[in-house]
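Trainee: In the working numbering, the protein residues as written are 72 to 137. Even for Gly, the Cβ is constructed at its ideal location relative to N, Cα and C. Quick caveat: nothing in here was measured; it's all calculated off a predicted structure. Let me begin by handing over the structure; questions about it come next.
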């Protein structure tokens with residue numbers, strides 16, 4: 072596999088995982104009594120935070136030191 076293919080696969084896995092976490096956070100926030108717009112913002116924040124964490128971890132474990 073080429074580097075571009077591997078990076079694309081990692082990005083897809085990260086996006087799917089972050090999507091699941093964001094959806095779960097939004098649903099739990101809504102079920103916990105927040106209004107729908109606030110629950111959507113909660114899910115979006117969870118998605119962004121998870122995506123950042125996963126991509127940083129991938130860079131740390133597979134990247135070359137600068």
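Between the alpha carbons of residue 98 and residue 125, how many angstroms are there, rounded?
Mentor: Counting from one through the chain shown, the residue named residue 98 turns up at place 27. Counting from one through the chain shown, the residue named residue 125 turns up at place 54. Going from the Cα of residue 98 to the Cα of residue 125 covers about 21 Å.
Trainee: When DSSP labels each residue in this structure, what does residue 93 get in the three-state scheme?
Mentor: Residue mapping note: residue 93 aligns to position 22 of the chain shown, counting from 1. Judged by DSSP in its simplified three-state form, residue 93 adopts helix.
Trainee: Please classify residue 124: does DSSP put it in a helix, a strand, or coil?
Mentor: Translated into positions along the chain shown, residue 124 becomes position 53. Residue 124 falls in the helix class under three-state DSSP.
Trainee: Leaving out five residues on either side along the sequence, give the residues of the same chain with a beta carbon under 6 Å from the beta carbon of residue 110.
Mentor: One-based indexing of the chain shown puts residue 110 at position 39. Correct list, in chain order: 97, 100, 101.
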